[in-house]
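Q: In order, the protein sequences belong to chains A and B. For the first sequence, the working numbering begins at 1 and goes up steadily by one. For the second sequence, the working numbering begins at 1 and goes up steadily by one. All residues carry an ideal CB built from backbone N, CA and C; glycine is no exception.
Number of protein chains: 2
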Amino acid sequence: MAREQRTRRRGKELETAILEAVWTELREGGPEAVTMERVAKRAGTSKPVLYRRWRGRAELLVAAALYRLPDAEAVPDAGTLRDDTVSLLKLMRQRLLTVGREPMLGILTEVVHNQEVNEKVVKQLIGRLRDLMTDVLARAEERGEVTLDGLDERLRRLPIDLLRNEFILNGAVPDESIAEIVDMVFLPALAGRGMLR
Amino acid sequence: MAREQRTRRRGKELETAILEAVWTELREGGPEAVTMERVAKRAGTSKPVLYRRWRGRAELLVAAALYRLPDAEAVPDAGTLRDDTVSLLKLMRQRLLTVGREPMLGILTEVVHNQEVNEKVVKQLIGRLRDLMTDVLARAEERGEVTLDGLDERLRRLPIDLLRNEFILNGAVPDESIAEIVDMVFLPALAGRGMLR
DNA sequence: TCCGTAAGATACGGATCGTATCTAATTCCT
DNA sequence: AGGAATTAGATACGATCCGTATCTTACGGA
Numbered sequence: 001m002a003r004e005q006r007t008r009r010r011g012k013e014l015e016t017a018i019l020e021a022v023w024t025e026l027r028e029g030g031p032e033a034v035t036m037e038r039v040a041k042r043a044g045t046s047k048p049v050l051y052r053r054w055r056g057r058a059e060l061l062v063a064a065a066l067y068r069l070p071d072a073e074a075v076p077d078a079g080t081l082r083d084d085t086v087s088l089l090k091l092m093r094q095r096l097l098t099v100g101r102e103p104m105l106g107i108l109t110e111v112v113h114n115q116e117v118n119e120k121v122v123k124q125l126i127g128r129l130r131d132l133m134t135d136v137l138a139r140a141e142e143r144g145e146v147t148l149d150g151l152d153e154r155l156r157r158l159p160i161d162l163l164r165n166e167f168i169l170n171g172a173v174p175d176e177s178i179a180e181i182v183d184m185v186f187l188p189a190l191a192g193r194g195m196l197r
Numbered sequence: 001m002a003r004e005q006r007t008r009r010r011g012k013e014l015e016t017a018i019l020e021a022v023w024t025e026l027r028e029g030g031p032e033a034v035t036m037e038r039v040a041k042r043a044g045t046s047k048p049v050l051y052r053r054w055r056g057r058a059e060l061l062v063a064a065a066l067y068r069l070p071d072a073e074a075v076p077d078a079g080t081l082r083d084d085t086v087s088l089l090k091l092m093r094q095r096l097l098t099v100g101r102e103p104m105l106g107i108l109t110e111v112v113h114n115q116e117v118n119e120k121v122v123k124q125l126i127g128r129l130r131d132l133m134t135d136v137l138a139r140a141e142e143r144g145e146v147t148l149d150g151l152d153e154r155l156r157r158l159p160i161d162l163l164r165n166e167f168i169l170n171g172a173v174p175d176e177s178i179a180e181i182v183d184m185v186f187l188p189a190l191a192g193r194g195m196l197r
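#1: Based on Cα-Cα distance, which residue from B:30, B:185, B:13 and B:71 lies nearest to residue 44 (chain B)?
#2: I'd like to know whether the C-beta atoms of residue 148 (chain A) and residue 186 (chain A) end up nearer to each other than 8 angstroms.
#3: Hey, how far is the Cα of residue 101 (chain A) from the Cα of residue 145 (chain B)?
#4: Who are the neighbours of residue 152 (chain A) on chain B, taking C-beta pairs under 9 angstroms?
#5: Can you list, in chain order, the residues of its chain whose CB lies under 8 angstroms from that of residue 47 (chain A), leaving out five sequence neighbours each side?
#6: Give the straight-line distance between the Cα atoms of residue 76 (chain A) and residue 82 (chain A), rounded to the nearest whole angstrom.
#7: Is any beta-carbon of chain A found at less than 8 angstroms from that of residue 197 (chain B)?
#8: Identify each residue in the segment 105-124 of chain A for which the Cβ-Cβ distance to at least one residue of chain B is less than 8 angstroms, and report them in chain order.
#9: What number of angstroms, rounded off, separates the C-alpha of residue 164 (chain A) from the C-alpha of residue 123 (chain A)?
#10: Say whether the segment 83-96 of chain A touches the segment 130-142 of chain A, bearing in mind that this needs 3 or more beta-carbon pairs closer than 8 angstroms, one atom from each stretch.
#11: Over what stretch of residues does the alpha helix (DSSP H) that includes residue 32 (chain A) continue unbroken?
#12: For the alpha helix (DSSP H) containing residue 121 (chain A), list its first residue and its last residue.
#13: CB-CB under 8 angstroms to residue 178 (chain B), same chain, minus the five flanking residues each way: which ones, in chain order?
#14: Kindly indicate which residue of B:180, B:60, B:69 and B:16 has the alpha-carbon position closest to the one of residue 99 (chain B).
#15: At the 8 angstroms Cβ level, is residue 66 (chain B) part of the contact set with chain A, yes or no?
#16: Give me the subset of the segment 20-38 of chain A whose CB atoms are less than 7 angstroms from a CB atom of chain B, sorted by chain position.
#17: Do residue 128 (chain B) and residue 72 (chain B) have their CB atoms nearer than 8 angstroms?
#18: If I follow the unbroken alpha helix (DSSP H) through residue 133 (chain B), where does it start and stop?
#19: Any beta carbon of chain A sitting closer than 8 angstroms to that of residue 61 (chain B)?
#20: I need the DSSP call for residue 112 (chain A), collapsed to helix, strand or coil.
#21: With a threshold of 16 other CB atoms inside 10 Å of the CB of residue 55 (chain B), please say whether the residue is buried or exposed.
#22: The alpha helix (DSSP H) with residue 192 (chain A) in it runs from where to where?
#23: Using a Cβ-Cβ distance cut-off of 8 angstroms, determine whether residue 171 (chain B) contacts chain A.
#24: Mind listing the chain B neighbours of residue 101 (chain A)? Cutoff is C-beta to C-beta under 7 angstroms, in chain order.
#25: For residue 105 (chain B), which residues of its own chain have a beta-carbon under 8 angstroms away from its beta-carbon, when the five flanking residues on both sides are left out?
#26: Could you tell me the alpha carbon to alpha carbon distance between residue 78 (chain B) and residue 84 (chain B), rounded to whole angstroms?
#27: Pick from A:173, A:97, A:113 and A:183: whose alpha carbon is nearest that of residue 155 (chain B)?
#28: With residue 86 (chain A) as the anchor, note down where its alpha helix (DSSP H) starts and where it stops.
#29: Count the other CB atoms within 10 Å of the CB of residue 192 (chain A); is the residue buried (16 or more) or exposed (fewer)?
#30: For residue 175 (chain B), count the other beta carbons within 10 Å of its own beta carbon; 16 or more makes it buried, fewer makes it exposed. Which is it?
#31: Residues bridged to residue 146 (chain A) by DSSP?
#32: If you draw a straight line from the C-alpha of residue 103 (chain A) to the C-alpha of residue 188 (chain A), how long is it?
#33: Answer with buried or exposed for residue 152 (chain A), where buried requires no fewer than 16 other C-beta atoms within 10 angstroms of its C-beta.
#34: Taking CB distances under 8 angstroms as the criterion, tell me whether residue 91 (chain B) reaches chain A.
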């Protein structure tokens, strides 16, 4: 907002202020309110400063999303594959809600035109969770719950994919949905592939 | 395009011409070429005519998408649940590609704050396919391939959900993805629930 | 202290949005 | 058939936003 003219920010401090401004705009006016002009004014700076850092609106939105996204820490060991998967999905849900449905759609829309940004988003928003799922499955194998022989990417990503789908479609993911994804789909699929001990 | 000034279209005829113009722009210049100004010119009319029918670009895109969507006919009986499901997913893919990824995201965005459009979209884009899936499963049961005892909504929608997810994320769905969804996830999940004979 | 870098202000051309206003064509109604 | 009501189509407008260029000036490092 009205920034004191006293000092002139630089580097990380300035960048943070800009990304915070993006979120303020998002909160107050939704994705369409995120324009370079508004964000610049809101952050108490000017457009050229933004364009020195990001190539355009798309990159700025992505940066803001990633900035807010807490680092996906490890999934605590709940003792069973079932509960670990539920934990992972709840972690993912929290991350999605942090970003919000409309901003997420906005990002996806912007990202469509930019292969580079697209890959970045996919990597950060999906890759990390996929890795956590890999950890969860590895843990389950150590416990002797499953054999991962022939486990494929498709199956590994299954719970994550279903959760994302539900979030994008409904904007919310109740606990029951998470339970259903795990108990009615994921675990049965593993069983059907002969992977459950 | 250059329209003959001879006559002045009205009602449905005019509306159709406008929606066709949207698709022409989409084809030639991609989604960003769909501006109210261009569409109006392309259709040989003017902006106010567009705004008398749709509240803005978003609604126009939704209308154009639904206009082009062929009625999802029945899925031909391929003889097995597996092949029927693949057929259904290919039909769905064709529908999604007809609409296009960006318009689809536009629709989803629109849906967030427009209850009316929401119901229309859910009915046209989701409900119909779900019904076709129900048919496919019923056929499989008649054949004796599966028991549908305790079949839940979640499982019934599984292939559809996964395909939609992949389309939104990648904008394309190769044949292998469809095969994977059916062979690595859907059928195993049915088997794991004890539904496959 | 001085110099290079980058912040911040301003302005620009171009595109688009959504609306207001006006006219004339077409359809409807009597 | 003819007048009234409707609405297509043309045009112009203010506003907003994009991305860039230019200029001044504050800050930080050597």
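A: Working from what's here:
#1: Against the second sequence, residue 44 (chain B) aligns to sequence position 44. Among B:30, B:185, B:13 and B:71, the Cα nearest to that of residue 44 (chain B) belongs to B:13.
#2: Along the first sequence, read from residue 1 onward, the residue named residue 148 (chain A) stands at position 148. Along the first sequence, read from residue 1 onward, the residue named residue 186 (chain A) stands at position 186. Cβ atoms of residue 148 (chain A) and residue 186 (chain A): not closer than 8 angstroms.
#3: As a position in the first sequence, residue 101 (chain A) is number 101, starting the count at 1. As a position in the second sequence, residue 145 (chain B) is number 145, starting the count at 1. Straight-line Cα distance between these residues: approximately 39 angstroms.
#4: By 1-based counting over the first sequence, the position of residue 152 (chain A) is 152. Listed along chain B are 180 and 184, each with a C-beta nearer than 9 angstroms to that of residue 152 (chain A).
#5: Taking the first sequence and counting its residues from 1, the one referred to as residue 47 (chain A) is at position 47. So the list reads 36, 37 and 40, once near-sequence residues are dropped.
#6: Mapped onto the first sequence, residue 76 (chain A) falls at position 76. Mapped onto the first sequence, residue 82 (chain A) falls at position 82. One C-alpha to the other measures close to 13 angstroms.
#7: To locate residue 197 (chain B), count along the second sequence from 1; it is residue 197. The Cβ of residue 197 (chain B) sits no closer than 8 angstroms to any Cβ of chain A.
#8: Legend: CB atoms of the segment 105-124 of chain A lying less than 8 angstroms from CB atoms of chain B belong to residues 105, 106, 108, 109, 112, 113 and 122.
#9: In the first sequence, counting from the first residue as 1, residue 164 (chain A) sits at position 164. In the first sequence, counting from the first residue as 1, residue 123 (chain A) sits at position 123. Straight-line Cα distance between these residues: approximately 15 angstroms.
#10: yes
#11: Taking the first sequence and counting its residues from 1, one reaches residue 32 (chain A) at position 32. Element bounds for residue 32 (chain A): n/a, residue is neither H nor E.
#12: Here residue 121 (chain A) corresponds to residue number 121 of the first sequence, with the count starting at 1. Run containing residue 121 (chain A): 115-122, per the alpha helix (DSSP H) assignment.
#13: Locating residue 178 (chain B) in the second sequence gives position 178, where the first residue counts as 1. Within the same chain, 86, 89, 90, 93 and 163 come within 8 angstroms of residue 178 (chain B) by CB-CB distance, once the 5 residues on both sides are set aside.
#14: On the second sequence, residue 99 (chain B) is found 99 positions in, with the first residue counted as 1. Nearest Cα to residue 99 (chain B) within the set B:180, B:60, B:69 and B:16: B:69.
#15: Translated into positions along the second sequence, residue 66 (chain B) becomes position 66. Chain A, which has no Cβ nearer than 8 angstroms to the Cβ of residue 66 (chain B), makes this no.
#16: none
#17: Indexing the second sequence from 1 puts residue 128 (chain B) at position 128. Indexing the second sequence from 1 puts residue 72 (chain B) at position 72. Yes, the Cβ-Cβ distance between residue 128 (chain B) and residue 72 (chain B) is below 8 angstroms.
#18: Within the second sequence, the letter at position 133 stands for residue 133 (chain B). Note, residue 133 (chain B): alpha helix (DSSP H), 128-143.
#19: In the second sequence, the residue the question calls residue 61 (chain B) occupies position 61. No, no contact with chain A.
#20: Against the first sequence, residue 112 (chain A) aligns to sequence position 112. Three-state result, residue 112 (chain A): coil.
#21: Sequence index remark: in the second sequence, residue 55 (chain B) carries index 55 (1-based). Under this definition residue 55 (chain B) is an exposed residue.
#22: The sequence position of residue 192 (chain A) within the first sequence is 192, counting from 1. DSSP places residue 192 (chain A) in the uninterrupted alpha helix (DSSP H) bounded by 187-192.
#23: On the second sequence, position 171 is the one that residue 171 (chain B) refers to. Yes, its Cβ sits closer than 8 angstroms to a Cβ of chain A.
#24: Locating residue 101 (chain A) in the first sequence gives position 101, counting from the first residue. What residue 101 (chain A) touches in chain B: 112.
#25: As a position in the second sequence, residue 105 (chain B) is number 105, starting the count at 1. Hits under 8 angstroms: 168.
#26: In the second sequence, counting from the first residue as 1, residue 78 (chain B) sits at position 78. In the second sequence, counting from the first residue as 1, residue 84 (chain B) sits at position 84. In a straight line, the C-alpha of residue 78 (chain B) is about 5 angstroms away from that of residue 84 (chain B).
#27: Against the second sequence, residue 155 (chain B) aligns to sequence position 155. Cα-wise, what sits closest to residue 155 (chain B) is A:183.
#28: The residue you call residue 86 (chain A) lines up with position 86 of the first sequence. It spans 81-99 - the alpha helix (DSSP H) in which residue 86 (chain A) sits, taken as one unbroken run.
#29: Residue 192 (chain A) sits at position 192 when you count from the first residue of the first sequence. It counts as buried.
#30: Here residue 175 (chain B) refers to the residue found at position 175 when the second sequence is read from its first residue. It counts as exposed.
#31: Taking the first sequence and counting its residues from 1, one reaches residue 146 (chain A) at position 146. For residue 146 (chain A), which the question treats as bridged, DSSP gives the partners A:196.
#32: Counted from its first residue, the first sequence places residue 103 (chain A) at position 103. Counted from its first residue, the first sequence places residue 188 (chain A) at position 188. Roughly 34 angstroms between the two C-alpha positions.
#33: In the first sequence, the residue the question calls residue 152 (chain A) occupies position 152. Label assigned to residue 152 (chain A): exposed.
#34: To locate residue 91 (chain B), count along the second sequence from 1; it is residue 91. Closer than 8 angstroms: no.
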